[in-house]
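Colleague: What the sequence shown shows, in mature numbering (1 follows the signal peptide of the UniProt record, and there is no 0), is residues -16 to -1, 1 to 731, in sequence order.
Provided herewith is a single structure, encoded as structure tokens, for subsequent inquiry.
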Amino acid sequence: MKKLSFLLFFPAMLFAQEKPATVAPRQPGKYDTNKFSQMYDLMATPNMFRTASGAPGPAYYQQQADYKINIELDDKKSRLTGSETITYTNNSPDTLEYLWVQLDQNQQNKNSQTPLAESQRMDQVLPASNFASKFFKDPLERGFNIEQVKDAKGNPLSYVINQTMMRINLATPLKPGEKFSFGINWWYNINNYRAEGGRSGYELFEKEGNKLYVIAQFYPRMAVYNDVEGWQNMQFWGTGEFTLPFGNFDVNITVPADHVMEATGELMNRSEVFTPEQVKRYELATKSYDKPVVIVTQAEAEAAEKGFSDKKKTWKFSAKNVRDFGIATSRKFIYDAMAVKLSEKTVMAVSVYPKEANPLWGETSTRTVAHTLKSYSAHTFDYPYPKAVSVSAEDQGMEYPMICWNYGRPDEKGVTSDRIKNGMIGVVIHEVGHNFFPMIVNSDERQWSWMDEGLNTFMQYMAEQEMNVNFPSSRGPASKIVPYMSGDQKFLEPIMSNSETIVQFGSNAYGKPATGLNILRETIMGRELFDHAFKVYANRWKFKHPTPEDFFRTMEDASAVDLDWFFRGWFYSTDYVDIGVKEVKQYFVSETATKELKDAVVRRGRFGQEKGPFVYLVPGTSEELPAKDKKALAISDVNLLSDYVNKNFSAEEKAAIKAPKFFYEVEFNKPGGMLMPIIVELTYEDDTKEVFKYPAQIWRKNNDTAKKVYATAKAIKKIQVDPKLETADIDVTNNTWPKEEVKSKFD
């Protein structure tokens, strides 16, 4: 039996006349620059602490820091005074000669290095208030005032303060398995965050003189010691956030008696700080799954904000296995809550807010908290803490275990625009979502902002879309990151850059990693494989300290999808996506051949390949073919093919036979350096469409071009690459054939 062969394409060498061979100069050797190379050159070597699979190893350890803290708020002076006892457990295999404690409030003191490290320029137009604050005022007295550091017996400890870090010198080194307890007394003046900036502080309501406090980084906190870099004692410059060990907290907070408070942990003395009626309302809230119950009403809050009590009240909170502690307190707070049913437990969604936040907050905040807990839990693990609290703090968006500050309020008439409402919903989802990343999956924010902000922004996008498919998410979809990735390379850094070195922080740490995860889920891996691998990562590293390599390796380990090429390009470089249609050639079946094709047949025989009879694919359009060849457009009219089908196809195969009539060779090119699958939409002459998707591995042997052949029953009218804008292609002007004119925004 003779074997049928289609002559689709012959290299130019087959058509050229033979010439005497010439010897080209030998080229020098080259390094492996293939973008599909595994990332052994970029990632840390696996070891007994962190395995090659991305899971914690058999020798994995983490330190523990337990706190007993007593603090008092002086509302008139806006001052916080505190004392704490830290019990530090050395679970590492190392003997420690000293301990490092973080003093983040020092980033705002007079001697802070942060302003000195920032470039300045002269603003030629300034509001009078800004001018006076900038040039007339001395810096305010901020930062920790350390009064004493002592051991468990009350003996003074030697210590050294280096900006935002304090080294505790140990008289006796702390051996593996040992504990060390020590105490610190301190105070600091709380900043007005709306006037001075900062991640926490107070908001002043000038008409009545009340303050709304959101208090964080308020106590000296243990630094992390781990297997990756020993002590993580990188200074706090302001952008890179925090890395902290887990521990248990018992915190007593004394405030004016007319304040209402929420904080990290479980409230241990509810009946002492709430009225009996408010306690009853809270009990109702624990059984309300469909709507919030108001526990402290607006009327009660308005009455309290007129009082300015001179009496005091102490709120007692206990938190287990958390990495930090946050507090919100004010006499202005309205308080509502509802129960949230997860797969294995029930937790509380809570909001506290001033009357200025209503009606938006009463209608929206706690419901959004509840939705966030359900969405995130479904994609990772059931939320393990007893509650999640949303605090109305204008101009803020910051997170701590079980509590977060969120902006977004109506105007003075109580009117809320869609922009403000959607922005408020987005920030509540984002900040509540941070409970999962990094409060539980406890990455190093000081070094890798993307590991909490990027992963959380991706989760936020999914939660927003699950709540409302038309929600105007600002980050997540691939098209949203194009303006950043198409920008000037001088102002772009790889995602894998330290937090303090990033120029466009929002796009780099939030937008680009979130977009990358969305592309993995929707375009490269598919939802089933991605969701499983992402959940494995979350569960492997909950209540632990993962590194970027742990994430990258787990995503591959749990999915069997090789992603080194993606992580190398998307996270370690500033390569961008640009894939286009370079050339389209059309062919028609014929039983007659051009001279070039006949010469090629002769050469084909010389190379020992199969012999005819042959079917020829002739380049050109139907208009270019001579009249006698028009009938060759129908496959059934090509006798060789009919004979072959009749002899070699079964009855079942004949019944399902295809009848291609048009043949196209499409060459795609890749002006951008970032690898990506090729997604192609064909539009036929009758306006029907068909989509083809080719994995990124299509570029593995040629980084510049790739070709595909299409045999169709209908003529192709249009070819479009990435029709749904799934890949963050920065230039769509080369994405279509025939080339289309792209209108400018002005047009």
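Just so you know, even glycine gets a beta-carbon here, dropped at the ideal spot from N, CA and C.
As the structure is a prediction and not an experimental result, all values here were calculated from the model.
1. Roughly how many angstroms lie between the CA atoms of M386 and D436, to the nearest whole one?
2. Considering only residues of the same chain and omitting the five flanking positions on each side of L76, which have a CB-CB separation below 7 Å?
3. Taking buried to mean at least 16 other C-beta atoms within 10 Å of its own C-beta, is T352 buried or exposed?
4. So, for A(-1): in the same chain, excluding its five sequence neighbours on each side, which residues have a beta-carbon less than 8 Å away from its beta-carbon?
5. Please report the distance separating the alpha-carbon of E396 from that of R403.
6. Name the residue from V133, M149, T148 whose alpha carbon lies nearest to the alpha carbon of S142.
7. Are residue 733 and V331 touching if we call contact CB-CB under 8 Å?
8. Determine the closest residue to I174 out of K685, L196, E162, P603, with distance taken between C-alpha atoms.
9. Would you kindly work out how many angstroms separate the C-alpha atoms of W549 and M469, rounded to a whole number?
10. Helix, strand or coil: which one does DSSP assign to A49?
11. Excluding the 5 residues preceding and the 5 following T71 in the sequence, name in chain order all residues of the same chain whose CB lies nearer than 7 Å to its CB.
12. Contact defined as beta carbons within less than 8 Å: I believe residue 732 pairs with S427. What is the distance between those atoms, to the nearest angstrom?
13. Please state whether the Cβ-Cβ distance between A341 and A333 is less than 8 Å.
14. What is the DSSP secondary structure of G214, reduced to helix, strand or coil?
15. In this structure, how does DSSP classify T356 when only helix, strand and coil are distinguished?
16. Does the beta-carbon of D562 have 16 or more other beta-carbons within 10 angstroms, so that it is buried, or is it exposed?
17. Measure the C-alpha to C-alpha separation of T98 and K296 and round it to an integer number of angstroms.
18. If we count Cβ pairs, one from each stretch, closer than 8 Å, do we get three or more for the segment 522 to 539 versus the segment 358 to 376?
19. Alpha carbon to alpha carbon, what distance is there between P661 and G510?
20. Below 8 Å, how does it come out for the segment 214 to 234 and the segment 269 to 281: are there three or more Cβ pairs, yes or no?
21. So what's T717 in DSSP terms, helix, strand or just coil?
22. Secondary structure at T348, three-state DSSP: helix, strand or coil?
23. Roughly how many angstroms separate the alpha carbons of G13 and Q473, rounded to a whole number?
24. Output yes or no for whether 8 Å exceeds the beta carbon distance between F309 and V235.
25. Check whether the Cβ atoms of R126 and D534 sit closer than 8 Å, and answer yes or no.
26. Are the CB atoms of P30 and A36 within a distance shorter than 8 Å?
27. From this set, I479, N502, G392, which residue's C-alpha is nearest S433's C-alpha?
28. Just how far apart, CA to CA, sit T65 and S184?
29. With DSSP as the reference, label G224 as helix, strand or coil.
30. DSSP three-state label for F292, please.
Modeller: Looking at the coordinates:
1. 16 Å
2. The identity of residue 76 in the sequence shown is Ser, whereas the question assumes Leu. Short of 7 Å from the beta carbon of S76, and not among the five residues preceding or following it, lie these beta carbons of its own chain, in chain order: Y45, Q47, P160, Y209.
3. buried
4. The predicted model places A(-1) with a pLDDT of 39, which falls under 50 and marks its position as unreliable; any figure quoted below should be read in that light. Excluding positions up to five away in sequence, the list is empty.
5. 16 Å
6. Among V133, M149, T148, the Cα nearest to that of S142 belongs to V133.
7. Because residue 733 is not part of the residues shown, which for the chain are -16 to 731, the question remains open.
8. It is L196.
9. 18 Å
10. Three-state DSSP puts A49 in a strand.
11. Exclusion of the five residues before and after T71 leaves D50, K163, S165 as the residues of its chain whose Cβ lies within less than 7 Å of its Cβ.
12. This structure does not reach residue 732, given that the chain is present from -16 up to 731, and the question cannot be answered.
13. no
14. strand
15. helix
16. Buried is the call here.
17. 37 Å
18. yes
19. 13 Å
20. no
21. helix
22. The three-state reading of DSSP puts T348 in helix, counting H, G and I together.
23. 30 Å
24. yes
25. no
26. yes
27. For the options I479, N502, G392, the alpha carbon positioned closest to that of S433 is the one of I479.
28. 16 Å
29. coil
30. coil
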